[in-house]
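J.: Numbered per the numbering used here, the sequence shown spans residues 5 to 370.
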Amino acid sequence: MSANGHLKFQGTNRATFVGTTSNIMFDTTSTSLGIGVTGTDHPSSNLYVTGNAYVSSNIAVGGVLTMGTVNVVARHDLEAVTALGNTTPVTLEFTNPTTSLVASGNVVATGNVTAGYLYGDGSNITGISSTLQAITDSGPGANVTSNTVQFSNATTGFVTTANVEVGGELTVSGNVEVGTANLFVDTVNSRVGIGTTNPQQKLEVNGTFSVSGPTSGANHSDGGILYLLDTPIIDEWSWTSSNTTLRITYASSELPANCKAVLAEVFMPKTNNVDHVGHSLGKNYNYQATWTSGAGVQPSSIFTLNRQTTFLDMRGDTDNFEYYYGKWFSSVIIPLDTGNTVYHIIGGESGTSTSWVYVVTRGYYI
Numbered sequence: 005m006s007a008n009g010h011l012k013f014q015g016t017n018r019a020t021f022v023g024t025t026s027n028i029m030f031d032t033t034s035t036s037l038g039i040g041v042t043g044t045d046h047p048s049s050n051l052y053v054t055g056n057a058y059v060s061s062n063i064a065v066g067g068v069l070t071m072g073t074v075n076v077v078a079r080h081d082l083e084a085v086t087a088l089g090n091t092t093p094v095t096l097e098f099t100n101p102t103t104s105l106v107a108s109g110n111v112v113a114t115g116n117v118t119a120g121y122l123y124g125d126g127s128n129i130t131g132i133s134s135t136l137q138a139i140t141d142s143g144p145g146a147n148v149t150s151n152t153v154q155f156s157n158a159t160t161g162f163v164t165t166a167n168v169e170v171g172g173e174l175t176v177s178g179n180v181e182v183g184t185a186n187l188f189v190d191t192v193n194s195r196v197g198i199g200t201t202n203p204q205q206k207l208e209v210n211g212t213f214s215v216s217g218p219t220s221g222a223n224h225s226d227g228g229i230l231y232l233l234d235t236p237i238i239d240e241w242s243w244t245s246s247n248t249t250l251r252i253t254y255a256s257s258e259l260p261a262n263c264k265a266v267l268a269e270v271f272m273p274k275t276n277n278v279d280h281v282g283h284s285l286g287k288n289y290n291y292q293a294t295w296t297s298g299a300g301v302q303p304s305s306i307f308t309l310n311r312q313t314t315f316l317d318m319r320g321d322t323d324n325f326e327y328y329y330g331k332w333f334s335s336v337i338i339p340l341d342t343g344n345t346v347y348h349i350i351g352g353e354s355g356t357s358t359s360w361v362y363v364v365t366r367g368y369y370i
C-alpha cells in the first residue's frame, strides 16, 4: 500500500476479489472491470455488471450504447423526453380506456382522422366542411345518400329556388302551398284551392278558369261551362198583349259579368182555352222577326245566332181542352242579352191576353 492510501498491485495483470456467489475482477491487459461476475475469465466489456447499476448523476456515452430492457424512472417526465426530440415514424398507441390523449392546444393532422365517435357541439371546430355546399362539393357522389333525409324545422324545413325532381311517390302529411295563394292543397279537409289559401269546398277557384274542351273535331269555344247556384234566383212578372219587354236584369251579386245563358225552370199559368200564345225568352228582338212568313220558308233566312231566344208555346183550343193550372217548362236554356238581361217577346192569336211568367234560375253558362 502506498503512502497516500492506495492499494497498488505490481507485477500482476489480474486481480480478483472472490465473494460468496460472485466476484469483482480487474484485468489490466483488457482494461476491463467486472462486477458480480463468476469464473476466472476476464470481463468481455470494459465495464461488465451482472445485476443492477445505480448512477446518481449523468452518464456520458461516447459510442454506441446497447441495452436490453430499460425501466425509465418516473422522474423522467414526457416534457424531458420530447425536449430531446418529438418526432417518430413509429405508430403511437394509447390504451387508457377513459382518456388516452388530452390536448389543451391545437391538434394538427395532415392525413385522415378515423374516430368511432366525436363528442361536443362542434362550435369551435374550424377548417372542415361546415356548410352543405362544401360537403356536397367534396367529391363524386357526395350529394347522394341511400338514407332518409329528414328536416325537422317546424316553420320551413326545406327551401329551394330551383326545380324539384321526384322519381317515386311524393307523400305530404301537411298542407301544400304553391306560390302565394296560387295553389293550395288542404290535406286535413281534402280540399284544393286555386287563388285562395282557405278553400271551403272540395275545389274552390277564386277567379275565372277555362276548359279547352275536346282535343279533336270541329272548332269550339272554351266557354259553355255550367255553374249551378246554391240558392236559385226567382223572378216573376205579369204580361199583357203582344210586346217586347225587358224583364230580368241579373245583379252582379247574382251572376258574374258577360254570361252567355242561364239554366232555368219556367211556369206559366193559363190565359184561357182559346188563345194560342208564343213566348220567347232571351235576347231583344221583335217577335215578328222570330217567325217565318208563310209555309215552306227556309228558317235560316230568318233566324240568326244574334236572335237567340228560347220559345215556349202555350196552346189554346176551342174543344174544351185547357191547362188546369198552367204549364211547367223544365231545364230551359235562356240566352242572355248584353248586361246579363232577359227580354220577354210575346206573339199570339189575341192582342188582349194577359197572364204571368214565373222563372226559377238554377245556374248560368260563361
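Beta carbons are placed, not taken as given, at the ideal position from N, Cα and C, and that holds for glycine.
(1) Where does the unbroken beta strand (DSSP E) through TYR368 begin, and where does it stop?
(2) According to DSSP, simplified to helix, strand and coil, what is ARG18?
(3) Going by alpha carbons, who is nearest to THR356 out of CYS263, GLN312, TYR121 and SER245?
(4) Going by alpha carbons, who is nearest to ILE238 out of ASN247, THR253 and ILE229?
(5) With DSSP run on the structure shown, which of helix, strand or coil describes THR24?
(6) Please list, in chain order, all residues of the same chain as GLN312 whose beta carbon is under 7 Å from its beta carbon, the five residues on each side excluded.
(7) Measuring only the C-alpha atoms, how far is THR35 from VAL68?
(8) Indicate whether GLY352 and LEU233 have their beta-carbon atoms separated by less than 8 Å.
(9) Starting from GLY38, trace the beta strand (DSSP E) in both directions and tell me its first and last residue.
(10) Which stretch, first to last residue, makes up the beta strand (DSSP E) that contains ALA268?
(11) Would you mind stating whether GLY199 and VAL209 have Cβ atoms separated by less than 8 Å?
(12) Tell me whether ALA19 is buried or exposed, calling it buried when 16 or more other Cβ atoms sit within 10 Å of its Cβ.
(13) Apart from the five residues just before and just after ALA222, which ones in its own chain have a Cβ nearer than 7 Å to its Cβ?
(14) The beta strand (DSSP E) that contains LEU96, what's its start and end?
T.: Taking the coordinates as given:
(1) To locate residue 368, count along the sequence shown from 1; it is residue 364. Its beta strand (DSSP E) spans residues 358-369.
(2) Position 14 of the sequence shown holds residue 18. The answer is strand: DSSP assigns ARG18 an E or B state.
(3) The sequence position of residue 356 within the sequence shown is 352, counting from 1. Of all alpha-carbon atoms in CYS263, GLN312, TYR121 and SER245, the one lying nearest the alpha-carbon of THR356 is that of SER245.
(4) As a position in the sequence shown, residue 238 is number 234, starting the count at 1. That would be THR253, whose Cα lies nearest to the Cα of ILE238.
(5) In the sequence shown, the residue the question calls residue 24 occupies position 20. If DSSP states are grouped into helix, strand and coil, THR24 belongs with coil.
(6) As a first step, residue 312 is located in the sequence shown; it is residue number 308 there, counting from the start. Closer than 7 Å at Cβ, skipping near neighbours: GLY286, LYS287 and PRO339.
(7) Here residue 35 refers to the residue found at position 31 of the sequence shown. Here residue 68 refers to the residue found at position 64 of the sequence shown. Between THR35 and VAL68, the alpha-carbon positions lie close to 18 Å from each other.
(8) Taking the sequence shown and counting its residues from 1, one reaches residue 352 at position 348. Taking the sequence shown and counting its residues from 1, one reaches residue 233 at position 229. Between GLY352 and LEU233, the C-beta gap is not smaller than 8 Å, which leaves the two residues out of contact.
(9) Within the sequence shown, numbered from 1, the residue matching residue 38 stands at position 34. Run containing GLY38: 36-41, per the beta strand (DSSP E) assignment.
(10) Taking the sequence shown and counting its residues from 1, one reaches residue 268 at position 264. First-last of the beta strand (DSSP E) with ALA268: 265-273.
(11) Counting from one through the sequence shown, the residue named residue 199 turns up at place 195. Counting from one through the sequence shown, the residue named residue 209 turns up at place 205. GLY199 is a Cβ neighbour of VAL209, given a cutoff of 8 Å.
(12) Sequence index remark: in the sequence shown, residue 19 carries index 15 (1-based). Per the 10 Å Cβ criterion, exposed.
(13) Locating residue 222 in the sequence shown gives position 218, where the first residue counts as 1. Low confidence applies here, because ALA222 scores a pLDDT of 48, under 50, leaving its location unreliable; read the following figure in that light. Closer than 7 Å at Cβ, skipping near neighbours: no residue.
(14) Stepping through the sequence shown from its first residue, residue 96 is reached at position 92. For LEU96, there is no enclosing beta strand (DSSP E), as DSSP gives it neither H nor E.
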